[in-house]
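Read the structure below first, then the notes.
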Amino acid sequence: MSATATSGLHVGQALRRKEDPRLITGRAQYVDDITLQRTLWMALVRSPEAHAKIVSIDPSLALERPGVHSVFTGDDLGDLGGPLPLAWVPPGIEVNNPEHWPLARGAVKHVGDPVAVVLGEDRYSVIDAAEDVAAQYEPLPVVTDPEKALEGPPFVHEQFGTNQVHQWSLGGGDLDAGFAEADVIVERRIVNHRTAGAPIEARGVLADYRAGDLTVWSATQVPHFLRLFLALLLGIHEERVRVIAPEVGGGFGSKLQVYGEEVLAAWCSRKLDRPVKWIETRTENMAVAHQGRDQIDYVRMGAKRDGTVTALHVKIIADLGAYNMLLTPAIPSLGAFVMSGCYKIPAIQTDITGVFTNKCPTDAIRGAGRPEATHLIEVTLEQLALELGMDPLEIRRKNFIPKDDFPAETAIGVVYDSGDYEKTLDKLLEHVDMDSFRREQEELRAQGVYRGIGFSTYTEICGLAPTRVVGPEGFGNQAGFWESAMVRVHNTGAVTVYTGTSPHGQGEETAFAQIVADKFGVDPEVVEVIHGDTGTGPEGRNTYGSRSLAVGGEALARCANKIAEKAKAIVAHNLEAAPEDIELEDGKFAVRGSPDKGMTLAEVAGAAYLNKVPDGMEPGLEDTSFYDPENFVFPFGAHACVVDVDPETGKAKVVRYVAVDDCGNPINPMLIDGQVHGGIVHAIGQALYERVHYDEQGQLVTGTFVDYALPTAAEVPSFETDRTVTPSPVNSLGAKGVGEAGTIAASPAVTNAVIDALRPLGVSYINMPLTPMRVWEAIAEARGAGLQGGVPA
Amino acid sequence: MSTPVRVTLHVNGVEHHLEVEPRTLLVHALRDHLGLTGTHIGCDTSNCGACTIHLDGRAVKSCTVLAVQADGAQIATIEGMAHDGELHPLQEAFWNDHGLQCGYCTPGMIMAAAGLLAENPNPTEQEVRHALEGNLCRCTGYHNIVKAVLDAAKVKAATIAGPSTPSEGPEVSA
């Protein structure tokens with residue numbers, strides 16, 4: 001299919017959001033804002049131990065408290081249909097997969113692992129009561145270092161006799177030949193540390209089982225997945241389970257999960273015949289909402305003297321924590337799919353080893369595998385440039401996949417849909433004058449200010465996930481993910497559309513309305529977008545992996561096309577013209593050449609519901625589409641970050657950030673910029689401030705927002721954003737995803753900038769997080785090394 | 794549970810009489826007792842600012858104030874910012890400038906920004922950034938929030954503030 005320009009009356013415009021009026025006035029309804037009569041509050045008793053046998057759990061003191069209704073432990077949940085799901089694993093391998101129950105059975109495996117649930121009449125009393133539940137533990141040896149964990153005992157799960165979860169490789173090309181051909185080989189141990197999703201709304205569930213029907217409101221990204229697994233685990237027919245994702249206060253992957261608390265709330269509601277509500281505290285969220293990243297990447301990159309990369313070999317040790325959750329072992333694999341970056345590399349190999357440790361499980365966090373891959377590619381490439389004495393932009397241009405190669409197949413066998421990496425980098429350099437930057441850098445150094453610039457030219461894979469590519473005929477998974485849309489034109493010409501995606505801040509109610517409005521010649525104001533409710537609309541596959549527009553938006557566009565075709569036939573019938581002569585013009589389905597002879601959507605809908613339709617045509621104006629894409633889409637871009645480092649304190653601060661992104665045809669440029677801004681700060685957070693830290697005993701050190709440092713407005717600058725437009729040939733919108741691009745791009749740009757700043761001080765490499773302590777230590781170490789080498793610091 | 798205490802809160806110009814546990818946080822009194830759920834909770838440690846309201850004219854974090862401490866005080870919440878269907882200039886600017894995505898931090902951001910503009914009607918970008926240091930947002934990267942606050946200041950600097958008007962509404966018991 002060829003891409004068509006989608007610029008229309010509304011598509012491509014920076015319309016302000018339809019979602020906002022309720023959000024800026026305090027009238028939106030998040031889970032905790034929903035109240036049902038007779039609701040019981042739920043609180044969890046959680047393990048303070050990282051690894052221990054559960055000796056006993058005594059609820060008697062808790063049950064004496066006024067207002068406390070019940071306490072349940074893992075033993076009470078014997079009727080569950082199974083443990084929590086691991087739904088996707090990398091294809092073709094065995095995965096060690098321990099049972100993971102909503103309440104631990106026999107032993108706890110990480111701090112925060114729940115052992116009992118308390119139900120009571122109000123918010124405060126259940127928290128008091130949870131503290132009164134006397135749980136006795138017998139501590140077991142703890143393992144937190146993934147590399148030590150691979151060497152032998154202690155084991156997180158004794159039954160496997162190893163801490164290895166799985167091994168999986170993806171590669172292509174002749175690696176040995178590639179390295180044999182290389183004049184230079186750069187090797188780095190790149191640590192991509194553990195981070196938290198940290199949406200400002202933590203998780204929450206309200207479950208209401210009544211007379212055989214279960215309704216669950218959850219702060220989730222994946223209501224359709226949650227419904228399926230609730231039905232399976234609770235043994236309720238799927239049609240009697242309705243999951244609603246009401247207003248959801250951010251997710252960043254951490255709400256792409258089927259969590260034990262969701263199952264527990266539903267189980268307790270059925271058991272007690274009352275609605276049950278659980279609202280997660282931030283302290284719980286930091287300990288038990290799944291975390292992300294946490295890889296040690298051993299990277300070897302070979303190149304010729306002129307900078308041409310000949311081979312890339314990456315060994316990933318992925319610390320997956322204590323259990324496999326919905327996608328846990330599959331996450332590092334997503335990075336392997338884009339290990340070629342935007343470069344033509346003839347031989348690439350990624351070897352992944354997943355490891356159990358006594359920590360919270362990891363799973364998808366914004367970018368999910370691709371930030372890690374992009375970080376190691378972009379950092380290693382600049383390290384290679386240093387080694388070769390080349391300009392970091394020149395080495396990129398040397399290796400870019402040329403624009404004439406698209407669609408371009410990488411050594412791994414992934415086919416990039418479209419790209420023009422030179423154009424994006426050129427545009428970046430229209431904003432960043434390198435000559436004047438280097439002059440300024442020199443002048444500032446003379447004043448004791450160490451300024452550095454770093455780059456990231458990335459591409460990523462999004463639009464999860466075409467069955468043709470990842471399914472049995474492709475990389476060997478069971479299936480990919482399609483998306484659905486349903487369009488209903490009402491009698492008056494107002495439109496309701498239902499999408500199987502489940503946005504939680506991205507602005508689809510607006511962007512999707514823009515797409516539909518242009519298909520029908522109506523105002524986006526009269527197009528309502530319904531999402532996040534399994535009780536309305538068709539089955540869906542939800543929101544993650546920057547898929548909503550490229551897959552869900554395309555499903556919607558196709559569905560709207562079907563309706564437009566029907567509308568044309570109805571107009572032709574009523575105006576006595578040929579259907580092929582009807583075209584949309586000035587808000588009317590009009591006869592070509594006679595623009596005053598036509599019908600508005602409202603008039604078409606009137607005719608459709610009065611059954612003034614051609615013989616054999618069904619009345620009404622409504623349709624459904626399911627769309628499974630031909631391929632992924634591959635957005636790309638060029639980012640530059642400027643940092644100032646204070647060598648006395650080690651403090652690094654981003655002072656300028658320029659991002660040029662290409663996500664194909666823009667539907668709403670304002671929303672794109674917003675996604676990019678947020679994505680960049682997410683990655684600046686990882687690069688400079690945020691780190692989930694466990695001590696050697698497996699105790700979580702960063703358990704609150706006091707210790708886990710999210711960037712604030714004072715830590716970051718305003719951003720300079722620009723765009724190039726290279727439409728995707730995969731979908732009719734020509735659109736690609738942009739929800740994760742900033743996060744995927746930015747951490748190497750920040751890291752490279754800090755290294756550039758520190759080079760005069762003798763620092764040539766440093767791992768994230770680039771906290772003042774770590775930077776200061778790197779400077780001190782370099783100075784020490786310098787002294788040993790006879791060069792005064 | 795200890796003996797409930799009677800408190801009087803003047804919220805958005807309406808007087809409310811409540812019975813609360815002495816330990817009840819003001820944010821829970823607003824949300825659970827008065828049903829004003831526009832004020833959100835995002836942390837346990839007063840870092841995130843999602844619960845920011847105005848207490849006697851000053852922006853405070855309502856998770857860090859006990860309801861009993863607010864007895865008799867004038868309180869303004871996000872629900873009181875629009876008047877007669879007309880949005881407050883900050884609400885309008887957040888909407889125009891895409892200063893929100895998931896919207897969860899937004900009420901706190903708007904109330905914190907209103908607090909800033911009441912004290913400093915014409916702030917610089919850096920002053921806005923420092924004033925919002927106590928409010929976390931994970932979606933927007935702050936870029937458009939800062940822009941919205943600066944734009945709101947330009948539009949209507951002189952008339953910002955004001956949510957702590959004396960009670961003129963009827964007495965309501967909750």
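First to last, the sequence lines map onto chains A and B.
Quick note on my numbering: the first sequence kicks off at 1 and runs consecutively.
Quick note on my numbering: the second sequence kicks off at 794 and runs consecutively.
C-beta: ideal position from N, C-alpha, C; glycine also.
On a predicted model such as this, the values are computed, not experimentally measured, just so you know.
To the nearest whole angstrom, what separates the beta carbons of K255/A and Q221/A, a pair I think is in contact under 8 Å?
In the first sequence, residue 255/A corresponds to position 255, counting from 1. In the first sequence, residue 221/A corresponds to position 221, counting from 1. Contact flag correct, Cβ pair sits at about 4 Å.
Could you say which of P711/A, G463/A, V692/A lies nearest to D628/A if we only look at CA atoms?
Looking up residue 628/A in the first sequence gives position 628. Closest by alpha carbon: G463/A.
Using C-beta distances below 6 Å, list every residue in its chain close to G532/A, excluding the 5 sequence neighbours before and after it, in chain order.
Reading the first sequence from its first residue, position 532 is the one you call residue 532/A. Cβ within range, chain order: P223, A245, S502.
Buried or exposed: where does N928/B fall if 16 or more other Cβ atoms within 10 Å of its Cβ makes it buried?
For this step, residue 928/B is matched to residue 135 along the second sequence. N928/B comes out buried.
Give a yes or no on contact between the stretch 56-76 of chain A and the stretch 118-134 of chain A, applying the rule of three or more CB pairs nearer than 8 Å.
Output reads yes: the stretch 118-134 of chain A touches the stretch 56-76 of chain A.
Counting Cβ pairs, one atom from each stretch, are 3 or more of them under 8 Å apart for the stretch 124-135 of chain A and the stretch 326-337 of chain A?
Output reads no: the stretch 326-337 of chain A does not touch the stretch 124-135 of chain A.
Can you name, in chain order, every residue of its own chain whose Cβ lies under 6 Å from the Cβ of A683/A, other than the five neighbours on each side?
One-based indexing of the first sequence puts residue 683/A at position 683. Once the five neighbours on either side are set aside, the close Cβ partners of A683/A are T743, A746, S747.
Would G249/A be called buried (16 or more neighbouring beta carbons within 10 Å of its own) or exposed?
For the purposes of this step, residue 249/A is taken as residue 249 along the first sequence, with counting starting at 1. By the 10 Å Cβ count, G249/A comes out buried.
Flag P392/A as yes if its beta-carbon sits less than 8 Å from any beta-carbon of chain B, otherwise no.
Your numbering for residue 392/A matches position 392 in the first sequence. For P392/A, the answer is no, since every Cβ of chain B falls outside 8 Å of its Cβ.
Taking Cβ positions only, does E648/A come closer than 8 Å to chain B?
Within the first sequence, residue 648/A is the residue found at index 648, counting from 1. It does not: the Cβ of E648/A has no partner Cβ on chain B nearer than 8 Å.
Quick check on G26/A - is its C-beta less than 8 Å from some C-beta in chain B?
Here residue 26/A is taken as the residue at index 26 of the first sequence, counted from 1. So yes, G26/A belongs to the interface.
Along chain A, which residues have their Cβ under 7 Å away from the Cβ of V939/B?
In the second sequence, counting from the first residue as 1, residue 939/B sits at position 146. Within 7 Å Cβ-Cβ: A713, S718.
Y30/A and Y897/B look like a contact to me (Cβ under 8 Å); what is the Cβ gap, rounded to whole Å?
Your numbering for residue 30/A matches position 30 in the first sequence. Your numbering for residue 897/B matches position 104 in the second sequence. Yes, Y30/A and Y897/B are in contact; Cβ-Cβ is about 7 Å, under 8 Å.
Could you tell me if G235/A is buried or exposed, where buried requires 16 or more neighbouring beta carbons within 10 angstroms of its beta carbon?
In the first sequence, residue 235/A corresponds to position 235, counting from 1. That one is exposed.
Counting only Cβ pairs nearer than 7 Å, list the residues of chain A close to D837/B.
The residue given as residue 837/B occupies position 44 in the second sequence. Within 7 Å Cβ-Cβ: T281, R282, T283, T704.
Report yes or no: is there a C-beta of chain B within less than 8 Å of the C-beta of P199/A?
Here residue 199/A corresponds to residue number 199 of the first sequence, with the count starting at 1. By this cut-off, P199/A is an interface position.
Note the first and the last residue of the continuous beta strand (DSSP E) segment covering K854/B.
Residue numbering aside, residue 854/B sits at position 61 when the second sequence is read from its first letter. Segment 851-854, the beta strand (DSSP E) holding K854/B.
Comparing the C-beta of G790/A with each C-beta of chain B, is any distance below 8 Å?
Counting from one through the first sequence, the residue named residue 790/A turns up at place 790. Low confidence applies here, because G790/A scores a pLDDT of 36, under 50, leaving its location unreliable and the question unanswered by this model.
Ordered along the chain, which non-local residues of its own chain (more than five positions away) have a Cβ less than 8 Å from that of A385/A?
Numbered from 1 along the first sequence, position 385 holds the residue referred to as residue 385/A. Cβ neighbours of A385/A beyond the five flanking positions: G307, D391, P392, E394, I395.
Please list, in chain order, the chain A residues whose beta carbon lies closer than 7 Å to that of C898/B.
As a first step, residue 898/B must be located in the second sequence, where it is residue number 105. Those are I200, listed as they occur along chain A.
Check each residue of the stretch 904-934 of chain B: if its Cβ is closer than 9 Å to any Cβ of chain A, include it; give the result in chain order.
Against chain A - using a Cβ distance shorter than 9 Å - the residues of the stretch 904-934 of chain B are E918, Q919, V921, R922, H923, A924, L925, E926, G927, N928, L929, C930, R931, C932, T933, G934.
Where does S47/A sit, in a helix, a strand or coil, going by DSSP?
Reading the first sequence from its first residue, position 47 is the one you call residue 47/A. Three-state DSSP puts S47/A in coil, outside helix and strand.
In chain order, which continuous runs of the alpha helix (DSSP H) of length 4 or greater are located wholly inside the stretch 207-268 of chain A?
Complete alpha helix (DSSP H) runs here, min 4: 223-234.
So what does DSSP say about T457/A, is it helix, strand or coil?
Numbered from its first residue, the first sequence carries residue 457/A at position 457. Strand.
By the 10 Å Cβ neighbour count, where 16 or more other Cβ atoms means buried, how is Q37/A classified, buried or exposed?
Your numbering for residue 37/A matches position 37 in the first sequence. Answer is exposed; the Cβ neighbour count stays below 16.
Helix, strand or coil for G679/A per DSSP?
On the first sequence, residue 679/A is found 679 positions in, with the first residue counted as 1. DSSP places G679/A in helix when its eight states are reduced to three.
Measure the alpha-carbon distance for Q383/A versus H923/B and round it to whole angstroms.
Position 383 of the first sequence holds residue 383/A. Position 130 of the second sequence holds residue 923/B. Spanning the two alpha carbons is a distance of roughly 36 Å.
What residue range is occupied by the uninterrupted beta strand (DSSP E) comprising D319/A?
The residue labelled residue 319/A in the question sits at position 319 within the first sequence. Element bounds for D319/A: 309-321.
Quick check: the Cα distance between P102/A and M325/A, rounded to an integer number of angstroms?
In the first sequence, the residue the question calls residue 102/A occupies position 102. In the first sequence, the residue the question calls residue 325/A occupies position 325. Near 11 Å, if we compare the C-alpha coordinates of M325/A and P102/A.
Is the distance from the Cβ of V516/A to the Cβ of L556/A below 8 Å?
Your numbering for residue 516/A matches position 516 in the first sequence. Your numbering for residue 556/A matches position 556 in the first sequence. Their beta carbons are under 8 Å apart, which means V516/A touches L556/A by this criterion.
Output the boundary residues of the beta strand (DSSP E) element that contains C802/A.
The displayed coordinates of chain A run from 1 to 793. Any statement about residue 802/A would go beyond what the structure contains.
Cα separation between L77/A and E99/A?
Position 77 of the first sequence, counting from 1, holds the residue named residue 77/A. Position 99 of the first sequence, counting from 1, holds the residue named residue 99/A. Looking at the two C-alpha atoms, the distance is approximately 14 Å.
Within 8 Å of any Cβ in chain A, is that where the Cβ of L893/B sits?
Taking the first residue of the second sequence as 1, we reach residue 893/B at position 100. Yes, L893/B lies at the interface with chain A (some Cβ there is under 8 Å from its Cβ).
Does any CB atom of chain A fall closer than 8 Å to the CB of N889/B?
On the second sequence, residue 889/B is found 96 positions in, with the first residue counted as 1. Interface residue, yes.
Suppose contacts are defined by Cβ-Cβ distances below 8 Å. Is Y765/A in contact with A196/A by that definition?
The residue given as residue 765/A occupies position 765 in the first sequence. The residue given as residue 196/A occupies position 196 in the first sequence. No, the pair does not count as a contact, with Cβ atoms beyond the cut-off.
Mind listing the chain A neighbours of G872/B? Cutoff is C-beta to C-beta under 9 Å, in chain order.
By 1-based counting over the second sequence, the position of residue 872/B is 79. First, the residue type needs correcting, since residue 872/B is Glu and not Gly in the sequence shown. Within chain A, the residues near E872/B are T25, G26, R27.
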